[in-house]
Amino acid sequence: MSRADTGTTSTAPSARQVWTRVRGAALVLALILTGGLALATVRSTDAHGALDPRSSDPHGSRAVAELLKARGVTLTLATTLAEATAAMDTGTTLLVTTPDLLTETQQATLHSAMNNSTGRSVLVGAGHASLATLAPGVTAAPSTPVRERTPSCTLPAATRAGSVDLGGERYETAPGATAEACYRSDGLPTLLLLPGPRGGTATDTVLLGSPDILYNSRLDQRGNASLALQLLGSRPHLVWYLPSLSDTSGAADTPADDTTGNFLALIPSGWLWGTLQLALAALLAAIWRGRRLGPLVTERLPVALRASEATEGRARLYRKANARDRAASVLRTATRTRLAPLLGVPVQDAHSPDRLLPALSARLPETTADPRNLLFGPAPADDATLIRLADQLDALEREVRTS
Numbered sequence: 026m027s028r029a030d031t032g033t034t035s036t037a038p039s040a041r042q043v044w045t046r047v048r049g050a051a052l053v054l055a056l057i058l059t060g061g062l063a064l065a066t067v068r069s070t071d072a073h074g075a076l077d078p079r080s081s082d083p084h085g086s087r088a089v090a091e092l093l094k095a096r097g098v099t100l101t102l103a104t105t106l107a108e109a110t111a112a113m114d115t116g117t118t119l120l121v122t123t124p125d126l127l128t129e130t131q132q133a134t135l136h137s138a139m140n141n142s143t144g145r146s147v148l149v150g151a152g153h154a155s156l157a158t159l160a161p162g163v164t165a166a167p168s169t170p171v172r173e174r175t176p177s178c179t180l181p182a183a184t185r186a187g188s189v190d191l192g193g194e195r196y197e198t199a200p201g202a203t204a205e206a207c208y209r210s211d212g213l214p215t216l217l218l219l220p221g222p223r224g225g226t227a228t229d230t231v232l233l234g235s236p237d238i239l240y241n242s243r244l245d246q247r248g249n250a251s252l253a254l255q256l257l258g259s260r261p262h263l264v265w266y267l268p269s270l271s272d273t274s275g276a277a278d279t280p281a282d283d284t285t286g287n288f289l290a291l292i293p294s295g296w297l298w299g300t301l302q303l304a305l306a307a308l309l310a311a312i313w314r315g316r317r318l319g320p321l322v323t324e325r326l327p328v329a330l331r332a333s334e335a336t337e338g339r340a341r342l343y344r345k346a347n348a349r350d351r352a353a354s355v356l357r358t359a360t361r362t363r364l365a366p367l368l369g370v371p372v373q374d375a376h377s378p379d380r381l382l383p384a385l386s387a388r389l390p391e392t393t394a395d396p397r398n399l400l401f402g403p404a405p406a407d408d409a410t411l412i413r414l415a416d417q418l419d420a421l422e423r424e425v426r427t428s
């Protein structure tokens, strides 16, 4: 037998075959990514986050910003600490939407600017992470649900506004501390007004337990608009500070290797539920694709099929799947099974080279074929080699029968 007859190559799928199998899924994925990028590009010019004075979304704050502008209040939007502190001057209200996101260094810088200012500071949702620095002497209690609450205090802004939607953080002050406590939940206020270091009303700090009165979707309910306008519009200039990830002033407080935490902070909370749904869908799809109602059983065909038709059908399936290794294995197994009785070898030993090949060599000592390669050799590298293998197996079987 020539070297070409016994040559072997890898039977792994070629690049073209892999592309043929995955091109459908790749096309769908490409369409999804393209659509997502297009949608993000279209919406990037007018979509903003929660409490953003430019946002018209339900959790945006464009409505209260427009009302303040109509009352003559100038509004400056700041997304970095440097912008916020630079815009603060006499007669300024500073609104910090998420003070807990600030690092310790940023909080210290902001607190110093607040003390040097003669205006008002409004901290929305300040909790344990920021109170110790921005509002010394005040501690946060467990949060409470947002619902309609009455003022229960003498603060003029609260008494004029009446009932509003408040909740979230609750605050406790040290005994004897001077503060206006309003909109209580279980005895603890969700709105707290602290006088400034110099006393009086020229400078003060307002702790707002939740941001709901500033949302577009709640501004027209109860006294939300009245309280928001009084708290934010008491000075002619409002600095609206939205802490952002683009602010590099807090980089010194961030560990260099804390990349995982930074990445997770960029992922919206809704992606958790989306991931769980996708995992559940994948699990159900796997169960559906691999379902088995019981062991496989043989079933009589409703019609009789000729052996040649069954053979051709199976051959087409093997060829479609490029399963030359399986086809060669079937051919060799069948040949060994037929040869064993002819050589006096028990059928159970037909697939043992140590039992079958010596008997074959004794029967055909002059054969030019390589029985070991024919009956136990590697898988064919291409279709032509497979066809040649089938012809050689037939020839070997005929030679044994006629010897």
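Using our numbering, read the sequence shown as starting at 26 and increasing by one per residue.
Here a beta-carbon is modelled for each residue, glycine too, at the ideal position from N, C-alpha and C.
Computed from a predicted model, the values in this text were never measured in an experiment.
(request) Please go through the same chain and pick out, in chain order, the residues whose beta-carbon is closer than 7 Å to the beta-carbon of A202, but skip the five residues on each side of it. (result) G162
(message) Let's test the definition: count the other Cβ atoms within 10 Å of the Cβ of I238 and tell me whether it reaches 16, buried, or not, exposed.
(response) buried
(request) Using 10 angstroms around the beta-carbon of R172, count the other beta-carbons present and answer buried if the total reaches 16, otherwise exposed. (result) exposed
(message) Can you tell me whether G49 is helix, strand or coil according to DSSP?
(response) helix
(request) Identify, in the order they occur along the chain, each residue of the same chain with its Cβ nearer than 6 Å to the Cβ of A250, setting aside the five sequence neighbours on each side. (result) L244
(request) Using 10 angstroms around the beta-carbon of A88, count the other beta-carbons present and answer buried if the total reaches 16, otherwise exposed. (result) buried
(request) Please confirm if the stretch 148 to 156 is in contact with the stretch 121 to 132, defined as three or more CB-CB distances below 8 Å between the two stretches. (result) yes
(request) Using beta-carbon positions only, say whether A166 and L102 come within less than 8 Å of one another. (result) no
(message) Taking the alpha-carbon of T115 as reference, which of G315, D229, G144 has the nearest alpha-carbon?
(response) Selected option, being the one with the closest Cα: G144.
(message) Tell me which residues share the same chain as A95 and place their Cβ nearer than 7 Å to its Cβ, disregarding the 5 neighbours each side in the sequence.
(response) So the list is empty, once near-sequence residues are dropped.
(message) Contact between the stretch 401 to 408 and the stretch 349 to 359 is defined here as three or more beta-carbon pairs at a separation below 8 Å; is this criterion met?
(response) yes
(message) Give me the residue from A335, A415, A90 with the minimum Cα distance to N398.
(response) It is A415 whose Cα lies nearest to the Cα of N398.
(request) Quick one: grab the DSSP three-state call for V98. (result) coil
(request) Would you please state the rounded distance, in angstroms, between the beta carbons of T158 and A182? I believe it to be under 8 Å. (result) The pair is not a contact, with the Cβ atoms about 25 Å apart (cut-off 8 Å).
(message) With the cut-off set at 8 Å, would you say L180 and Y196 are in Cβ contact?
(response) no
(message) From the DSSP secondary-structure annotation, give me the bridge partner or partners of P214.
(response) Per DSSP, R209.
(request) Could you tell me which uninterrupted alpha helix (DSSP H) segments, each at least 4 residues in length, are contained entirely in the stretch 85 to 135, listed from first to last along the chain? (result) 87 to 95, 106 to 112
(message) Please state whether the Cβ-Cβ distance between V370 and L381 is less than 8 Å.
(response) yes
(request) Report the partner residues of D229 according to the DSSP bridge assignment. (result) R145, P220
(message) Relative to the C-alpha of E424, which candidate in T410, A394, D408 has its C-alpha closest?
(response) A394
(message) Can you tell me whether D272 is buried or exposed? The criterion is at least 16 other CB atoms within 10 Å of its CB, across all chains shown.
(response) buried
(request) Please classify S80: does DSSP put it in a helix, a strand, or coil? (result) coil
(request) Have a look at L92 and H136 and give me their C-alpha separation to the nearest angstrom. (result) For L92 and H136, the distance between alpha carbons rounds to 28 Å.
(request) Kindly indicate the opening and closing residues of the alpha helix (DSSP H) around S333. (result) 332 to 345
(request) Check whether the Cβ atoms of S155 and L191 sit closer than 8 Å, and answer yes or no. (result) no
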